[in-house]
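Numbers 0 to 49, taken from numbering that gives the first Met the number 0, label the letters of the sequence shown in order. Glycine residues also receive a C-beta, built at the ideal position from the N, C-alpha and C atoms. Notes follow the structure.
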Amino acid sequence: MNKKPWWQRLSAYLLGVVDEYWAMREPSQYHEHNPQCDLEPNPTASEVAD
């Protein structure tokens, strides 16, 4: 059984820390507003054909 080099373990750990930080931080970009989507809920016939 081979052990991963220390730099691979360290980089995986740091990537996990950054990923967790970003996951906690991302919802705050909306502040008091809910996320919005520009798509229409009922597309017209010409939009469906595209």
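Suppose the cutoff is 7 Å on Cβ atoms and the five residues either side in sequence are ignored; what does the same chain contact list for Leu13 look like?
none
Inter-residue Cα distance where the pair is Arg24 and Asp18:
10 Å
How is Asp18 classed by DSSP in three states: helix, strand or coil?
helix
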